[in-house]
Amino acid sequence: MTQQPNVLEMTNIMAKFTDYIGKRLPKDVIKKQEELRRQETNPLAIKIYDAMAENQDKADKLSRPSCQDTGVIQYFISVGAGFPLLGELEEILRNATLIATEEGPLRHNAVETFEEKNTGTNTGSNIPWLDWEIIPGGDGVTIDVYMAGGGCTLPGAAKVLMPGEGYEGVAEFVFDIITSRGINACPPLLVGVGVSATAETAAKLSKRALMRPVDSDSPIPNAAKMEKLLTDGLNEVGIGPQGLTGKNSVMGVNIESSARHPSTIGVAISTGCWSHRRGKIKFKADLSYEILSHEGVSL
Amino acid sequence: MKKILTVPIKDEDLESLNVGDIVYLTGILTTCRDVAHRRLIEHKRELPVDVRGGAIFHAGPIVRALPDGEFEMVSIGPTTSMRMEKFEKEFIAQTGVKLIVGKGGMGPDTVEACQEHKAVHAVFPGGCAVLAATMVEEIVESHWHDLGMPETLWVNKVKEFGPLIISIDTKGNNIFTTNKKAFNERKGPILERIKKELSFIK
Ligand code: SF4
Numbered sequence: 001m002t003q004q005p006n007v008l009e010m011t012n013i014m015a016k017f018t019d020y021i022g023k024r025l026p027k028d029v030i031k032k033q034e035e036l037r038r039q040e041t042n043p044l045a046i047k048i049y050d051a052m053a054e055n056q057d058k059a060d061k062l063s064r065p066s067c068q069d070t071g072v073i074q075y076f077i078s079v080g081a082g083f084p085l086l087g088e089l090e091e092i093l094r095n096a097t098l099i100a101t102e103e104g105p106l107r108h109n110a111v112e113t114f115e116e117k118n119t120g121t122n123t124g125s126n127i128p129w130l131d132w133e134i135i136p137g138g139d140g141v142t143i144d145v146y147m148a149g150g151g152c153t154l155p156g157a158a159k160v161l162m163p164g165e166g167y168e169g170v171a172e173f174v175f176d177i178i179t180s181r182g183i184n185a186c187p188p189l190l191v192g193v194g195v196s197a198t199a200e201t202a203a204k205l206s207k208r209a210l211m212r213p214v215d216s217d218s219p220i221p222n223a224a225k226m227e228k229l230l231t232d233g234l235n236e237v238g239i240g241p242q243g244l245t246g247k248n249s250v251m252g253v254n255i256e257s258s259a260r261h262p263s264t265i266g267v268a269i270s271t272g273c274w275s276h277r278r279g280k281i282k283f284k285a286d287l288s289y290e291i292l293s294h295e296g297v298s299l
Numbered sequence: 300m301k302k303i304l305t306v307p308i309k310d311e312d313l314e315s316l317n318v319g320d321i322v323y324l325t326g327i328l329t330t331c332r333d334v335a336h337r338r339l340i341e342h343k344r345e346l347p348v349d350v351r352g353g354a355i356f357h358a359g360p361i362v363r364a365l366p367d368g369e370f371e372m373v374s375i376g377p378t379t380s381m382r383m384e385k386f387e388k389e390f391i392a393q394t395g396v397k398l399i400v401g402k403g404g405m406g407p408d409t410v411e412a413c414q415e416h417k418a419v420h421a422v423f424p425g426g427c428a429v430l431a432a433t434m435v436e437e438i439v440e441s442h443w444h445d446l447g448m449p450e451t452l453w454v455n456k457v458k459e460f461g462p463l464i465i466s467i468d469t470k471g472n473n474i475f476t477t478n479k480k481a482f483n484e485r486k487g488p489i490l491e492r493i494k495k496e497l498s499f500i501k
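Residue numbers (this note's numbering), protein chains in the order written: chain A, 1 to 299; chain B, 300 to 501.
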């Protein structure tokens, strides 16, 4: 265990960062909410936007989790094959979750399935959930931390369409889910859509899509066009904050895709609520790090 | 001017309220959710708190135990009210509660009970849990600790707690039913328009 001091150092940083993101929203989300607040004309919706901003302000000042549901902890890892702590990362992130749960404090949200017992630590079988992407030739790691709250996870759905249903079918799927189940997920939402080969590949991409900034565009022209059409279209429905109507429904729609089978279009949706608690941190091999999602952080 | 409801709430205080109105609550607000509803209705156990003329909150808070045996409210936000729909009609009838605070809409049974017994359902903005916690002056009592922290009945003294948006009034109106209908009506034409631009498979 020659790497022990490194392991401790990285565990400590990740514990603090996990705790931190439960209390402060990322800069893209804050900016978007200010923009939606400015566009709003419904007095009721304005009142809610103001309550949201006040809540974030208080959470920051009092250093408390901004929403009581601090979710199931997920880590999306893009790691270089040569990162020195590659083999230790799983243990590091599990311990980081344990520490953040105590320190936050985070709500105990890991229920062991089939035993149906809350573990009381936010850890359990495969929880925190780790999603891996290995970068050949790299020696650093970029980690997205995400708190998957109950309310905003509930609309999640995946389905395999026949090619005849086309991208028109994808749009219909997105609209049906958001107008029916999105209302209780604390809108304005960030909608992640995966378009892919199978149900589970699409599902995974839909969640990765939520890790992209709310204002980002897909580099694929048709996907970017569809993102815009869906964003504008859903906003026209006017769900508003908390489903109480307003100028907008969503903070954005992000689409991630892969190639597909000629006979299938796998499509999936993941939703993030207005309290979209995620953070992006990038480590070099020597564990010097940079936080990309938030400004002015001191851990 | 801020419209403030003070516990005990009287029928007259609620009769003039319409869906979409914003009110604030001063007095006692007791958390009461899934299992507490089930115990009263299914297991016929008496609620340890008298909420007649009072207010309940569908919420599962983060509470900190202080060294002197007291409790501090850290974070308290609403949970989805719809989960209590199965019990709420009977709950209102039996307890005489006047204000139910939660998140999202409730169903026709609750609407019926609100009309019959003069009660209202109101939404506190979801995710605003620290804001809510700072409006709790004190936790005055707590009951049924065997249910665990989220389900315990926390009896909170609150001052101008809100904004509370009336979602079911005493006249049979339900704001979410109206909104959902409007969303569904708008959806069709928008989708048809978008679809025309999505024929990527040629
Ligand atoms: S949907 Fe999001 S903001 Fe709303 S209660 Fe759940 S975690 Fe909190």
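For glycine and all other residues, C-beta sits at the position ideal for the given N, C-alpha and C.
Chain B contact for residue i (CB, 7 Å cutoff)
{"i": "A/N184", "result": "yes"}
{"i": "A/S258", "result": "no"}
{"i": "A/R278", "result": "no"}
{"i": "A/A203", "result": "no"}
{"i": "A/E112", "result": "no"}
{"i": "A/G120", "result": "no"}
{"i": "A/E54", "result": "yes"}
{"i": "A/F283", "result": "no"}
{"i": "A/I300", "result": "The requested residue 300 of chain A is not part of the displayed model; chain A covers only 1 to 299."}
{"i": "A/E102", "result": "no"}
{"i": "A/Q242", "result": "yes"}
{"i": "A/T18", "result": "no"}
{"i": "A/V29", "result": "no"}
{"i": "A/Y49", "result": "no"}
{"i": "A/C152", "result": "no"}
Residue from the options whose Cα sits closest to the Cα of residue i
{"i": "A/H276", "options": "A/V7, A/T101, A/M14 and A/V29", "result": "A/V29"}
{"i": "A/Q56", "options": "A/L299, A/S293, A/L292 and A/W274", "result": "A/W274"}
{"i": "B/M434", "options": "B/I474, B/L346, B/S315 and B/S374", "result": "B/S374"}
{"i": "B/L328", "options": "B/E384, B/K456 and B/G461", "result": "B/K456"}
{"i": "A/E301", "options": "A/N6, A/I239, A/R212 and A/A158", "result": "Outside the displayed span of chain A (1 to 299) sits residue 301 of chain A, for which this structure offers no information."}
{"i": "A/D19", "options": "A/A45, A/G82 and A/L98", "result": "A/L98"}
{"i": "B/I467", "options": "B/M300, B/N483 and B/V322", "result": "B/V322"}
{"i": "A/G137", "options": "A/I48, A/S196, A/A81 and A/K23", "result": "A/A81"}
{"i": "A/F114", "options": "A/R107, A/G104, A/L106 and A/S125", "result": "A/S125"}
{"i": "A/T264", "options": "A/E236, A/A199 and A/N235", "result": "A/A199"}
{"i": "B/P360", "options": "B/K494, B/E496, B/T378 and B/E369", "result": "B/T378"}
{"i": "B/K417", "options": "B/G403, B/S315 and B/T305", "result": "B/S315"}
{"i": "A/T153", "options": "A/I281, A/I177, A/E91 and A/G279", "result": "A/I177"}
{"i": "A/L244", "options": "B/I474, B/C331 and B/G447", "result": "B/I474"}
{"i": "A/P187", "options": "A/H261, A/A171 and A/Q33", "result": "A/Q33"}
{"i": "A/T271", "options": "A/K280, A/K282 and A/I255", "result": "A/I255"}
Opening and closing residue of the beta strand (DSSP E) in which residue i lies
{"i": "A/S196", "result": "L189 to S196"}
{"i": "A/S270", "result": "I265 to G272"}
{"i": "A/N254", "result": "V250 to S257"}
{"i": "B/K417", "result": "Element bounds for B/K417: n/a, residue is neither H nor E."}
{"i": "A/T142", "result": "V141 to A148"}
{"i": "B/A364", "result": "I361 to A364"}
{"i": "B/N455", "result": "L452 to I467"}
{"i": "A/G80", "result": "V72 to G80"}
Beta carbon proximity, residue i to chain A, threshold 7 Å
{"i": "B/R332", "result": "no"}
{"i": "B/I438", "result": "no"}
{"i": "B/F499", "result": "yes"}
{"i": "B/C413", "result": "no"}
{"i": "B/F482", "result": "yes"}
{"i": "B/R485", "result": "yes"}
{"i": "B/S315", "result": "no"}
{"i": "B/K494", "result": "yes"}
{"i": "B/G425", "result": "yes"}
{"i": "B/T433", "result": "yes"}
{"i": "B/I399", "result": "no"}
{"i": "B/G403", "result": "yes"}
Residue span of the alpha helix (DSSP H) that contains residue i, given as start and end
{"i": "B/H336", "result": "D333 to I340"}
{"i": "A/F173", "result": "G166 to R181"}
{"i": "A/K280", "result": "No alpha helix (DSSP H) holds A/K280; the beta strand (DSSP E) holding it covers R278 to F283."}
{"i": "A/S206", "result": "A199 to A209"}
{"i": "A/E102", "result": "L89 to E103"}
is_contact[residue i, chain E] using C-beta, thresh 7 Å
{"i": "B/V410", "result": "Any reference to chain E falls outside this structure, whose protein chains are A and B."}
Near the ligand NAD: residue i beta-carbon under 6 Å from a heavy atom
{"i": "A/S180", "result": "Absent from the structure shown: the ligand NAD. Ligands present: the ligand SF4."}
Go through the residues and name those whose CB comes closer than 5 Å to any heavy atom of the ligand SF4, in chain order. Every residue passing the under-5 Å Cβ criterion appears here: A/C67, A/D69, A/G149, A/G151, A/C152, A/C186, A/C273, A/S275, B/G425 and B/G426.
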